[in-house]
Amino acid sequence: MTNWIPRAFIVFFATLILAACGVQENIEEGQTEVRNFQFHYDAREFEDIWARSSSKMKKAIKKEDFLDLLANIRRILGKNVESTQSGWKLEKVPQGNFLVITMQTQFERGTGVEIFTLERVGDIIKVAGYHVDSPDMMRTLLRESSENREGANVELIDDVDPE
1 MTNWIPRAFI
11 VFFATLILAA
21 CGVQENIEEG
31 QTEVRNFQFH
41 YDAREFEDIW
51 ARSSSKMKKA
61 IKKEDFLDLL
71 ANIRRILGKN
81 VESTQSGWKL
91 EKVPQGNFLV
101 ITMQTQFERG
111 TGVEIFTLER
121 VGDIIKVAGY
131 HVDSPDMMRT
141 LLRESSENRE
151 GANVELIDDV
161 DPE
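Numbering (the UniProt record's numbering), first residue to last: 1 to 163.
Next up, the structure:
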């Protein structure tokens, strides 16, 4: 009468193992695509990054804007010196299932957190979104902006006292 319990556990754990293998495979493929993106970024091959991107990325941003964005990030921060994965998560939303990989990246002229949103398109993992959070890049942009304003009185604040 109780023979079904061990069998149920075996089926349950086998299902978990198979699901985990699928997730691990997606993560590994996602990591490979992140490395490909970073390689093409370092080589200033922004058109190649665009060509490899998913249709969701191409619907979200115009090609010229995306290429300009990458060119400006590259101009301000420079090449990728070292990048370490700091996290990942799977997101299930109405638009689809996405793998989000977060990288702590040291560039030539600053640091940043790169966030790659990836999706499976057929048998291939493609970049569906890219974001860089870099205080160093923001400071540079603020400096450039204030230098371009004639007579503007702009003060950059590095530390803010939250009183």
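By construction, the Cβ of each residue, glycine as well, lies at the ideal position given by its N, Cα and C atoms.
Residue pairing of H131 in beta bridges, as defined by DSSP: I115. When secondary structure is reduced to three states using DSSP, R52 falls in the helix class. By the criterion of a C-beta distance shorter than 8 Å, V113 is surrounded in its chain by S86, T102, M103, Q104, T105, V132, D133 and S134, once the five residues flanking it on both sides are discounted.
DSSP places R120 in the strand class (E or B) of the three-state scheme. In this structure, DSSP gives G96 an extended state, which the three-state scheme calls strand. Burial is judged here by how many other beta carbons sit within 10 angstroms of a residue's own beta carbon; E33 has at least 16 and is buried.
The shortest C-alpha to C-alpha distance from N97 to any of V127, V81 and K79 is the one to V127.
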